[in-house]
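Notes for the one structure printed next.
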Amino acid sequence: MPTIFGSAKGLFGVHKQHAWRMAMTYFSKYSVPMLSAVWFVFAVAGFARMSAYSQTPAPVGTLSSQWPSQSKIQAACGMPTFLIFMHPHCPCSDASFDVVEDQIAKHPKAKFYAVFVRPAGVEAKWEETRLYQNCKAEPRLTTLVDQEGVEAKQFGAKTSGQAFIYSATGQLVYSGGVTPGRGATWTGRERELIENALNGATSLQKAPVFGCSLL
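Sequential numbering of the sequence shown, starting at 87, is according to this note's numbering.
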C-alpha cells in the first residue's frame with residue numbers, strides 16, 4: 087500500500103527529472119553562444135598580443151660610423167655597400183630576403199652581403215637552412231658565415247634582419263631593419279630610407295629592427 091513517504095519520494099523524483107530536463111535545455115540553448123563568446127575574447131587577446139610583438143622593435147648594438155677597421159669583410163670600392171645580418175633559423179628573415187632581392191635588382195652599382203651568424207657549439211651545417219640556400223643562390227649577393235658573431239659585434243648587429251649601408255667613402259648612412267614588422271611585407275619608410283642611402287645619401291638614417299636575436 088502506498089504511503090505518504092512513497093508519494094513524496096515519487097513526486098520528488100518527478101521534479102528532479104523535470105529540473106534535469108530544464109537544465110539540459112538551458113545548457114543546449116545557451117552553451118554554444120557562451121562558448122563562442124569566450125573563444126572570441128581569447129582569440130582577440132591572442133591576436134592583439136601577436137600584433138604587439140610583431141611591432142615591437144628589437145635591440146641594436148653600438149654602431150660603427152665608419153667601416154670597422156678590424157672587419158674581415160671587404161667594403162666595396164667606389165660604390166655603396168649593403169650588409170644584412172641574419173639568423174639562419176629566424177622565420178621573420180624570409181621577408182628580409184625578399185627586400186634584399188628587390189634592392190639588388192634596382193641597384194646594379196652597389197655591393198650586397200648577407201652575413202649569417204653561427205653561434206659556438208652548434209652542429210655541422212647548422213646554418214645551411216632554406217634561407218641560407220636562397221641567399222647563396224642569388225648571384226650578386228655575397229653570402230658569408232660569421233663564426234660566433236665576431237663581425238656582428240663589430241658592426242653593432244644584435245638582431246636578425248638588421249641592415250647597414252655604407253657609402254662609397256665608407257661612411258655609415260643607414261642602420262635598421264628592412265621591413266616594418268616581424269615577417270611583414272616590404273613597404274613604408276624603410277624602403278625610402280634604404281633606397282636613398284643606396285642612391286648616394288650622405289646623412290645617417292635609422293629605422294627600427296624586427297627579428298630574432300642573432301646570438
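C-beta atoms are modelled at their ideal positions from N, C-alpha and C, and glycine is treated no differently.
key: Backbone secondary structure at Ser182 - three-state DSSP   = In the sequence shown, counting from the first residue as 1, residue 182 sits at position 96. In this structure, Ser182 counts as helix in the three-state DSSP scheme.
message = Need the endpoints of the beta strand (DSSP E) that Ile170 sits in, please.
response = The sequence position of residue 170 within the sequence shown is 84, counting from 1. Per DSSP, Ile170 belongs to the beta strand (DSSP E) from Thr167 to Met172.
ask   = What are the boundary residues of the alpha helix (DSSP H) that Arg328 is part of?
value = In this structure the chain extends from 87 to 301, so residue 328 is not present and cannot be described.
CA-to-CA distance, Ile159 to Trp153, given in whole angstroms = To locate residue 153, count along the sequence shown from 1; it is residue 67. To locate residue 159, count along the sequence shown from 1; it is residue 73. In a straight line, the C-alpha of Trp153 is about 10 Å away from that of Ile159.
inquiry  = Using a 10 Å radius around the Cβ and a threshold of 16 neighbouring Cβ atoms, would you call Val208 buried or exposed?
reply    = For the purposes of this step, residue 208 is taken as the residue at position 122 of the sequence shown. When all chains shown are included, Val208 counts as exposed.
message = So the candidates are Thr265, Ala200 and Ala210; which of them puts its Cα closest to the Cα of Asn220?
response = Working through the sequence shown from its first residue, we reach residue 220 at position 134. Minimum Cα distance to Asn220 is reached at Ala200.
ask   = Sorted by chain position, which residues of the same chain lie with C-beta nearer than 6 Å to Cys298's C-beta, five sequence neighbours on each side aside?
value = Reading the sequence shown from its first residue, position 212 is the one you call residue 298. Hits under 6 Å: His173, Cys176 and Ser246.
message = Taking the alpha helix (DSSP H) that Val236 belongs to, which residues open and close that run?
response = Here residue 236 refers to the residue found at position 150 when the sequence shown is read from its first residue. Val236 to Phe241 is the extent of the alpha helix (DSSP H) around Val236.
ask   = Among Pro194, Gln291, Lys192 and Ala191, which one has its Cα closest to the Cα of Asn251?
value = Along the sequence shown, read from residue 1 onward, the residue named residue 251 stands at position 165. Note that residue 251 corresponds to Ile in the displayed sequence, not to Asn. When only C-alpha atoms are compared, the closest one is Gln291.
request  = Work out the CA separation of Leu230 and Ser150 for me, nearest whole Å.
outcome  = Numbered from its first residue, the sequence shown carries residue 150 at position 64. Numbered from its first residue, the sequence shown carries residue 230 at position 144. Near 20 Å, if we compare the C-alpha coordinates of Leu230 and Ser150.
inquiry  = Below 8 Å on the Cβ atoms is my contact criterion, and I expect Ala249 with Gly263 to pass it. Report the Cβ-Cβ distance as a whole number of Å.
reply    = One-based indexing of the sequence shown puts residue 249 at position 163. One-based indexing of the sequence shown puts residue 263 at position 177. Going by Cβ atoms, the distance from Ala249 to Gly263 rounds to 7 Å, so yes, they are a contact pair.
ask   = Thinking C-alpha only, which one of Pro294, Asn285, Arg275 and Phe296 is nearest Gly164?
value = Here residue 164 is taken as the residue at index 78 of the sequence shown, counted from 1. Here the closest residue by C-alpha is Asn285.
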